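According to the numbering used here, the sequence shown holds residues 32 to 283 in order. The structure appears below as structure tokens.
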Amino acid sequence: MMNFTVMTLFPDMIKDGLNVSIMGRAIDNKLINVDVVNIRDYSKRKHSKVDDYPYGGGAGMVMQAEPIYDAYTDIINKQKEVNPDIKKPRVIYMTPQGKLFNQTMAKELAQEENIIFLCGHYEGVDERALELIVTDQVSIGDYVLTGGEMPAMIMIDAISRLVPGTLHNDDSAQDESLTDNLLEYPQYTRPASFMGLDVPPILLSGDHAKVDAWRRQQSVLRTFKMRPDLLKDAKITKKEEMMIANLKKGLQ
Ligand code: ADE
32 MMNFTVMTLF PDMIKDGLNV SIMGRAIDNK LINVDVVNIR DYSKRKHSKV
82 DDYPYGGGAG MVMQAEPIYD AYTDIINKQK EVNPDIKKPR VIYMTPQGKL
132 FNQTMAKELA QEENIIFLCG HYEGVDERAL ELIVTDQVSI GDYVLTGGEM
182 PAMIMIDAIS RLVPGTLHND DSAQDESLTD NLLEYPQYTR PASFMGLDVP
232 PILLSGDHAK VDAWRRQQSV LRTFKMRPDL LKDAKITKKE EMMIANLKKG
282 LQ
């Protein structure tokens, strides 16, 4: 079972966000487990405060190292009590300064058994907390959100759906948009004609080899049109390379 722990100041956001749909089912089916730890519970200050003014001045507040460190230590100790052989977790700090999350990283993290997410708020987290506990810093995109909760949920969703059994049809995690850096081919279902638009006839031909070849070509074409940046890391054939070169020529 895949074990996620989320360290946050907004535990309800995570609980409410993940208890529904496919994620909720995966939790019910014990394919994944999500523990949520409220960092505020580890504050030793009046009113359970967890932030303070930045040394050196400047706007905003900074989350203090101590409650984060204490929460982390407690998580690790409890995990060891339950399972003395548990692997040291990856501890991921969600930050727009981190490495960009993508499908390749999701696949790599799906091999882990134990992942802790640290969600920051305010202007940031005391650097020493990061130095002491964090193994990875990850961003979900080049924009700034108010906290790391939604980014952590996005990562948990993307990673969990790669855990066998989470999706009804395990194939759908294999043959999908963004596998091997190619976008997915267009999909159609009944009716064969809608508002004057017909399903491409090849898909009705029953010839699986032709259908596969058409889908592959559509994937490459679509990637070239929508996300040409992905093509440099995609495995494409010489023939496909030539098709792209010809398309580029046509655009000039
Ligand atoms: N926290 C705030 N913005 C973020 C982002 N883009 N990715 C990850 N964590 C964040």
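Using N, Cα and C, we set each Cβ at its ideal position, and we do this for glycine too. Computed from a prediction, not measured in an experiment: that's the story for all the values here.
{"Asked": "Cβ neighbour criterion (16 or more within 10 Å) applied to residue 57", "Found": "buried"}
{"Asked": "Beta-carbon contacts of residue 236 that lie in its chain and below 8 Å, excluding the five residues immediately before and after", "Found": "242"}
{"Asked": "Neighbourhood of residue 212 by C-beta, 7 Å cutoff - its chain only, sequence neighbours within 5 removed", "Found": "261, 264, 265"}
{"Asked": "Heavy atom of the ligand ADE within 7 Å of residue 125 beta-carbon", "Found": "yes"}
{"Asked": "Length of the line joining the Cα atoms of residue 219 and residue 196", "Found": "25 Å"}
{"Asked": "Any non-hydrogen atom of the ligand ADE closer than 7 Å to residue 146 Cβ", "Found": "no"}
{"Asked": "Residue range of the beta strand (DSSP E) that includes residue 33", "Found": "33-39"}
{"Asked": "Rounded distance between the beta-carbons of residue 157 and residue 90, thought under 8 Å", "Found": "Residue 90 to residue 157, Cβ: 16 Å. No contact."}
{"Asked": "Residue 70 Cβ short of 7 Å to the ligand ADE heavy atom set", "Found": "no"}
{"Asked": "Contact test: residue 153 Cβ vs the ligand ADE heavy atom, cutoff 7 Å", "Found": "no"}
{"Asked": "Nonlocal neighbours in the same chain, by C-beta distance under 7 Å from residue 165, ignoring five residues either side", "Found": "122, 124, 149"}
{"Asked": "Residue(s) in a DSSP beta bridge with residue 121", "Found": "146"}
{"Asked": "Length at least 3, wholly inside the region 203-262: the beta strand (DSSP E) runs in chain order", "Found": "none"}
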